[in-house]
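Engineer: Take a look at this one; I'll ask things after.
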Amino acid sequence: MANLSVHLAALILLGAALCAAQPRGRILGGREANSHQRPYMASVQVNGKHVCGGFLVAEQWVLSAAHCLEDVADGKVQVLLGAHSLSQREPFKRLYDVLRAVPHPDSRHDTIDHDLLLLQLSEKAELGPAVQPLPWQREDRDVAARTLCDVAGWGVVSHTGRQPDRLQYLTLRVMDRDTCNLRRYHDGTITERMMCAESNRRDTCKGDSGGPLVCGGVAEGVVTSGSRVCGNPKKPGIYTRVASYAAWIDGVMAGAEAA
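Count the sequence shown with mature numbering (1 follows the signal peptide of the UniProt record, and there is no 0) and you get residues -21 to -1, 1 to 238, in order.
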(Lines of atoms letter the chains of each structure in order from A and count residues from 1; the text may use other names and numbers.)
(Lines give C-alpha, C1' and ligand atoms only; values in the text may rest on other atoms or scores of the structure.)
Protein backbone atom coordinates (compact mmCIF):
# COMPACT_ATOMS: atom_id res chain seq x y z
CA MET A 1 0.00 0.00 0.00
CA ALA A 2 2.86 2.34 0.85
CA ASN A 3 4.40 1.75 -2.57
CA LEU A 4 1.05 2.48 -4.22
CA SER A 5 0.72 5.74 -2.28
CA VAL A 6 4.23 6.80 -3.33
CA HIS A 7 3.43 5.92 -6.94
CA LEU A 8 0.21 7.94 -6.88
CA ALA A 9 1.98 10.90 -5.30
CA ALA A 10 4.62 10.75 -8.04
CA LEU A 11 1.95 10.73 -10.74
CA ILE A 12 0.22 13.73 -9.17
CA LEU A 13 3.50 15.66 -9.06
CA LEU A 14 4.28 14.73 -12.65
CA GLY A 15 0.83 15.88 -13.76
CA ALA A 16 1.27 19.18 -11.96
CA ALA A 17 4.65 19.68 -13.63
CA LEU A 18 3.19 18.96 -17.04
CA CYS A 19 0.37 21.43 -16.44
CA ALA A 20 2.86 24.08 -15.36
CA ALA A 21 4.85 23.47 -18.52
CA GLN A 22 1.94 24.30 -20.82
CA PRO A 23 2.14 27.64 -22.65
CA ARG A 24 0.60 30.35 -20.47
CA GLY A 25 0.60 33.22 -22.84
CA ARG A 26 1.48 33.52 -26.43
CA ILE A 27 -0.30 34.89 -28.98
CA LEU A 28 -1.93 32.16 -26.90
CA GLY A 29 -4.46 30.00 -28.71
CA GLY A 30 -3.33 31.58 -31.97
CA ARG A 31 -1.45 30.26 -34.96
CA GLU A 32 1.20 31.21 -37.48
CA ALA A 33 0.05 33.98 -39.78
CA ASN A 34 0.10 33.66 -43.53
CA SER A 35 3.29 35.21 -44.85
CA HIS A 36 3.09 38.97 -45.40
CA GLN A 37 -0.70 39.23 -45.12
CA ARG A 38 -0.19 41.88 -42.45
CA PRO A 39 2.25 44.15 -44.30
CA TYR A 40 1.93 46.86 -41.65
CA MET A 41 3.56 44.77 -38.90
CA ALA A 42 6.86 45.97 -37.47
CA SER A 43 9.39 44.41 -35.12
CA VAL A 44 10.87 47.04 -32.80
CA GLN A 45 14.39 45.90 -32.00
CA VAL A 46 17.14 46.95 -29.60
CA ASN A 47 20.68 45.86 -30.39
CA GLY A 48 19.33 43.44 -32.97
CA LYS A 49 16.80 41.73 -30.67
CA HIS A 50 13.01 41.92 -30.91
CA VAL A 51 11.52 43.74 -27.91
CA CYS A 52 8.09 44.86 -29.08
CA GLY A 53 5.67 45.01 -31.93
CA GLY A 54 4.56 48.07 -33.83
CA PHE A 55 2.88 49.03 -37.06
CA LEU A 56 3.50 51.34 -39.95
CA VAL A 57 1.12 54.33 -39.90
CA ALA A 58 2.89 56.46 -42.51
CA GLU A 59 5.86 55.99 -44.83
CA GLN A 60 8.34 57.19 -42.20
CA TRP A 61 6.47 56.46 -38.97
CA VAL A 62 5.78 53.41 -36.80
CA LEU A 63 3.39 53.44 -33.83
CA SER A 64 4.22 51.30 -30.80
CA ALA A 65 4.00 51.38 -26.97
CA ALA A 66 5.94 53.86 -24.83
CA HIS A 67 6.95 51.26 -22.24
CA CYS A 68 8.86 49.32 -24.88
CA LEU A 69 11.87 51.64 -24.69
CA GLU A 70 11.72 52.60 -21.01
CA ASP A 71 14.70 50.47 -20.01
CA VAL A 72 16.76 51.24 -23.10
CA ALA A 73 19.78 53.37 -22.27
CA ASP A 74 22.35 53.44 -25.06
CA GLY A 75 20.92 50.57 -27.10
CA LYS A 76 20.56 50.91 -30.83
CA VAL A 77 16.86 51.07 -31.72
CA GLN A 78 15.80 49.81 -35.14
CA VAL A 79 12.59 48.75 -36.87
CA LEU A 80 12.24 45.66 -39.03
CA LEU A 81 9.62 45.89 -41.79
CA GLY A 82 8.49 43.40 -44.41
CA ALA A 83 9.21 40.39 -42.20
CA HIS A 84 7.41 37.14 -41.55
CA SER A 85 10.42 35.35 -40.07
CA LEU A 86 12.70 37.34 -37.81
CA SER A 87 15.76 35.29 -38.76
CA GLN A 88 15.35 34.01 -42.31
CA ARG A 89 16.23 35.91 -45.46
CA GLU A 90 13.14 37.33 -47.16
CA PRO A 91 12.92 39.45 -50.30
CA PHE A 92 11.03 42.41 -48.82
CA LYS A 93 12.54 42.44 -45.35
CA ARG A 94 14.55 45.49 -44.33
CA LEU A 95 15.91 46.92 -41.08
CA TYR A 96 15.57 50.68 -40.59
CA ASP A 97 17.42 52.89 -38.15
CA VAL A 98 15.27 55.09 -35.91
CA LEU A 99 15.88 58.79 -36.33
CA ARG A 100 13.70 59.81 -33.41
CA ALA A 101 11.66 58.08 -30.71
CA VAL A 102 8.75 60.12 -29.36
CA PRO A 103 6.86 58.67 -26.37
CA HIS A 104 3.59 60.30 -25.41
CA PRO A 105 4.52 63.16 -23.03
CA ASP A 106 2.16 61.88 -20.32
CA SER A 107 3.39 58.27 -20.36
CA ARG A 108 5.07 57.15 -17.13
CA HIS A 109 6.83 54.06 -15.81
CA ASP A 110 4.27 53.42 -13.05
CA THR A 111 1.12 53.43 -15.20
CA ILE A 112 -0.12 52.15 -18.56
CA ASP A 113 -1.96 55.41 -19.25
CA HIS A 114 -0.97 57.05 -22.55
CA ASP A 115 1.20 54.06 -23.49
CA LEU A 116 2.05 55.19 -27.02
CA LEU A 117 5.33 55.70 -28.88
CA LEU A 118 6.01 57.12 -32.32
CA LEU A 119 9.19 56.06 -34.09
CA GLN A 120 10.46 58.15 -36.98
CA LEU A 121 12.48 56.04 -39.40
CA SER A 122 15.74 57.37 -40.78
CA GLU A 123 14.14 57.34 -44.25
CA LYS A 124 10.82 56.57 -45.86
CA ALA A 125 9.99 52.88 -45.95
CA GLU A 126 10.11 51.11 -49.28
CA LEU A 127 6.46 50.26 -49.82
CA GLY A 128 5.40 47.13 -51.65
CA PRO A 129 3.34 43.94 -51.25
CA ALA A 130 4.94 43.18 -47.86
CA VAL A 131 5.23 46.75 -46.53
CA GLN A 132 2.14 48.98 -46.30
CA PRO A 133 0.78 51.47 -43.74
CA LEU A 134 -2.29 50.43 -41.76
CA PRO A 135 -5.29 52.79 -41.60
CA TRP A 136 -6.01 53.81 -38.01
CA GLN A 137 -9.21 54.93 -36.34
CA ARG A 138 -9.76 58.67 -36.08
CA GLU A 139 -13.40 58.66 -34.95
CA ASP A 140 -13.35 58.75 -31.16
CA ARG A 141 -15.99 56.15 -30.34
CA ASP A 142 -15.96 52.76 -28.68
CA VAL A 143 -15.86 49.50 -30.60
CA ALA A 144 -18.99 47.47 -29.88
CA ALA A 145 -18.62 44.67 -27.34
CA ARG A 146 -18.04 41.20 -28.83
CA THR A 147 -16.65 42.66 -32.06
CA LEU A 148 -14.05 40.27 -33.46
CA CYS A 149 -10.63 41.85 -33.91
CA ASP A 150 -7.23 40.64 -35.09
CA VAL A 151 -3.92 40.93 -33.26
CA ALA A 152 -0.49 39.69 -34.32
CA GLY A 153 3.05 39.65 -33.03
CA TRP A 154 6.29 37.85 -32.28
CA GLY A 155 5.63 37.76 -28.51
CA VAL A 156 6.57 34.86 -26.23
CA VAL A 157 4.78 31.54 -26.78
CA SER A 158 5.54 29.72 -23.52
CA HIS A 159 6.09 30.27 -19.81
CA THR A 160 9.83 29.86 -20.41
CA GLY A 161 9.88 33.01 -22.50
CA ARG A 162 10.47 31.32 -25.84
CA GLN A 163 9.73 33.66 -28.71
CA PRO A 164 8.54 32.47 -32.12
CA ASP A 165 10.60 33.20 -35.20
CA ARG A 166 7.51 33.62 -37.40
CA LEU A 167 4.61 36.01 -36.97
CA GLN A 168 1.69 34.65 -34.94
CA TYR A 169 -1.89 35.93 -34.83
CA LEU A 170 -5.25 35.37 -33.20
CA THR A 171 -8.79 36.69 -33.19
CA LEU A 172 -10.21 38.21 -29.99
CA ARG A 173 -13.58 39.57 -28.89
CA VAL A 174 -13.81 43.11 -27.58
CA MET A 175 -15.04 43.35 -24.00
CA ASP A 176 -17.35 46.16 -22.87
CA ARG A 177 -15.44 48.71 -20.77
CA ASP A 178 -17.96 48.59 -17.92
CA THR A 179 -17.54 44.83 -17.73
CA CYS A 180 -13.76 45.13 -17.90
CA ASN A 181 -13.89 47.59 -15.01
CA LEU A 182 -15.76 45.20 -12.72
CA ARG A 183 -13.97 44.31 -9.49
CA ARG A 184 -13.28 40.74 -10.63
CA TYR A 185 -11.43 42.06 -13.71
CA HIS A 186 -9.56 45.38 -13.73
CA ASP A 187 -11.49 47.07 -10.91
CA GLY A 188 -12.10 50.50 -12.39
CA THR A 189 -8.64 51.10 -13.87
CA ILE A 190 -9.70 51.10 -17.54
CA THR A 191 -10.08 54.70 -18.72
CA GLU A 192 -12.02 56.00 -21.71
CA ARG A 193 -8.72 56.07 -23.60
CA MET A 194 -8.41 52.28 -23.26
CA MET A 195 -10.31 49.22 -24.45
CA CYS A 196 -10.30 45.57 -23.44
CA ALA A 197 -10.42 42.21 -25.20
CA GLU A 198 -11.19 38.79 -23.74
CA SER A 199 -8.16 36.76 -22.63
CA ASN A 200 -9.38 33.26 -21.81
CA ARG A 201 -6.29 31.29 -22.89
CA ARG A 202 -6.23 33.41 -26.06
CA ASP A 203 -4.15 36.49 -25.49
CA THR A 204 -1.22 38.72 -26.29
CA CYS A 205 1.91 38.47 -24.16
CA LYS A 206 5.40 39.88 -23.60
CA GLY A 207 6.90 41.00 -26.90
CA ASP A 208 3.50 41.70 -28.47
CA SER A 209 3.25 45.14 -26.86
CA GLY A 210 2.97 47.95 -29.38
CA GLY A 211 1.22 45.83 -31.98
CA PRO A 212 -2.18 46.83 -33.37
CA LEU A 213 -5.62 45.54 -32.46
CA VAL A 214 -7.25 45.56 -35.90
CA CYS A 215 -11.04 45.63 -36.22
CA GLY A 216 -12.59 45.72 -39.67
CA GLY A 217 -9.24 46.45 -41.30
CA VAL A 218 -8.54 49.49 -39.11
CA ALA A 219 -6.21 49.83 -36.11
CA GLU A 220 -8.43 50.55 -33.11
CA GLY A 221 -5.95 49.89 -30.31
CA VAL A 222 -2.31 49.32 -29.42
CA VAL A 223 -1.28 46.45 -27.14
CA THR A 224 -0.17 47.95 -23.82
CA SER A 225 2.93 46.86 -21.92
CA GLY A 226 1.17 45.92 -18.71
CA SER A 227 2.52 43.28 -16.30
CA ARG A 228 -0.65 41.18 -16.06
CA VAL A 229 -0.48 37.39 -16.44
CA CYS A 230 -1.05 36.45 -20.08
CA GLY A 231 -4.03 34.25 -20.85
CA ASN A 232 -5.69 34.84 -17.47
CA PRO A 233 -9.46 35.18 -18.08
CA LYS A 234 -9.69 37.43 -15.03
CA LYS A 235 -7.21 39.91 -16.53
CA PRO A 236 -8.50 40.86 -19.99
CA GLY A 237 -6.04 42.32 -22.48
CA ILE A 238 -5.72 46.10 -22.34
CA TYR A 239 -5.27 48.25 -25.44
CA THR A 240 -4.67 51.98 -25.86
CA ARG A 241 -7.38 53.46 -28.10
CA VAL A 242 -5.70 55.10 -31.07
CA ALA A 243 -8.53 57.51 -31.87
CA SER A 244 -8.12 59.19 -28.47
CA TYR A 245 -4.65 60.29 -29.54
CA ALA A 246 -5.29 61.30 -33.15
CA ALA A 247 -4.36 64.94 -32.52
CA TRP A 248 -1.08 63.97 -30.84
CA ILE A 249 -0.14 61.47 -33.58
CA ASP A 250 -0.90 63.96 -36.35
CA GLY A 251 0.89 66.74 -34.49
CA VAL A 252 4.12 64.81 -33.99
CA MET A 253 4.27 63.71 -37.63
CA ALA A 254 3.40 67.16 -38.97
CA GLY A 255 5.93 68.82 -36.68
CA ALA A 256 8.71 66.60 -37.97
CA GLU A 257 7.86 67.44 -41.57
CA ALA A 258 7.86 71.16 -40.80
CA ALA A 259 11.21 71.02 -38.99
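Here a beta-carbon is modelled for each residue, glycine too, at the ideal position from N, C-alpha and C.
Here the structure is a predicted model, which is why all the values come from computation and not from measurement.
Roughly how many whole angstroms lie between the Cα atoms of D166 and F71?
Structural biologist: 44 Å
Engineer: Which word fits Q187, buried or exposed, when buried means at least 16 other C-beta atoms lie within 10 angstroms of its C-beta?
Structural biologist: Sequence check: residue 187 is Asp here, not Gln. Flag for D187 reads buried.
Engineer: Since C159 is in the alpha helix (DSSP H), which residue starts that stretch and which ends it?
Structural biologist: That run of the alpha helix (DSSP H) goes R156 to C159.
Engineer: Going by the CB atoms, is the gap between G190 and G132 shorter than 8 Å?
Structural biologist: yes
Engineer: Can you have a look at H29 and say buried or exposed, based on whether 16 or more other CB atoms are within 10 angstroms of its CB?
Structural biologist: buried
Engineer: Please go through the same chain and pick out, in chain order, the residues whose beta-carbon is closer than 6 Å to the beta-carbon of Q116, but skip the five residues on each side of it.
Structural biologist: V197, E199, V221 and A222
Engineer: Starting from D229, trace the alpha helix (DSSP H) both ways and give me its first and last residue.
Structural biologist: From DSSP, the alpha helix (DSSP H) with D229 extends over A225 to A237.
Engineer: Please report the straight-line C-alpha distance between E69 and V153, rounded to a whole angstrom.
Structural biologist: 34 Å
Engineer: Using three-state DSSP, classify A222 as helix, strand or coil.
Structural biologist: helix
Engineer: Any idea what DSSP makes of A45, helix, strand or coil?
Structural biologist: helix
Engineer: Check for me: the beta strand (DSSP E) holding A37 runs from which residue to which?
Structural biologist: Looking at the DSSP string, the run of the beta strand (DSSP E) that includes A37 is K28 to A37.
Engineer: Mind checking R10: buried by the 16 CB within 10 Å criterion, or exposed?
Structural biologist: exposed
Engineer: Under a three-way DSSP split, which group does C128 fall into?
Structural biologist: strand
Engineer: Determine the DSSP secondary structure at E69, reduced to helix, strand or coil.
Structural biologist: The answer is coil: DSSP assigns E69 none of H, G, I, E or B.
Engineer: If you follow the beta strand (DSSP E) that C194 is in, where does it begin and where does it stop?
Structural biologist: It spans P191 to C194 - the beta strand (DSSP E) in which C194 sits, taken as one unbroken run.
Engineer: Apart from the five residues on each side of it in sequence, which residues of its chain come closer than 8 Å, Cβ to Cβ, to A12?
Structural biologist: H63, A131, R145, L146, Q147 and Y148
Engineer: Is it the case that the Cβ atoms of E49 and H83 are separated by a distance below 8 Å?
Structural biologist: Contact: no.
Engineer: Answer yes or no: do L100 and A80 have a C-beta to C-beta separation smaller than 8 Å?
Structural biologist: no
Engineer: Helix, strand or coil for D76? Go by DSSP, reduced to three states.
Structural biologist: strand
Engineer: CA-CA distance, A237 and I228?
Structural biologist: In this structure, the alpha-carbon of A237 lies about 14 Å from that of I228.
Engineer: Give me, in chain order, the residues of the same chain whose beta-carbon lies closer than 6 Å to that of P18; leave out the 5 immediate sequence neighbours on both sides.
Structural biologist: A109, V110 and Q111
Engineer: Strictly by DSSP, which residues pair up with S64?
Structural biologist: R145
Engineer: So, with DSSP's three-state summary, where would you put R10?
Structural biologist: strand
Engineer: Return helix, strand or coil for C184, following the three-state DSSP convention.
Structural biologist: In this structure, DSSP gives C184 a state outside helix and strand, which the three-state scheme calls coil.
Engineer: How about Y224 and L192: do their beta carbons lie closer than 8 Å?
Structural biologist: Their beta carbons are not under 8 Å apart, which means Y224 does not touch L192 by this criterion.
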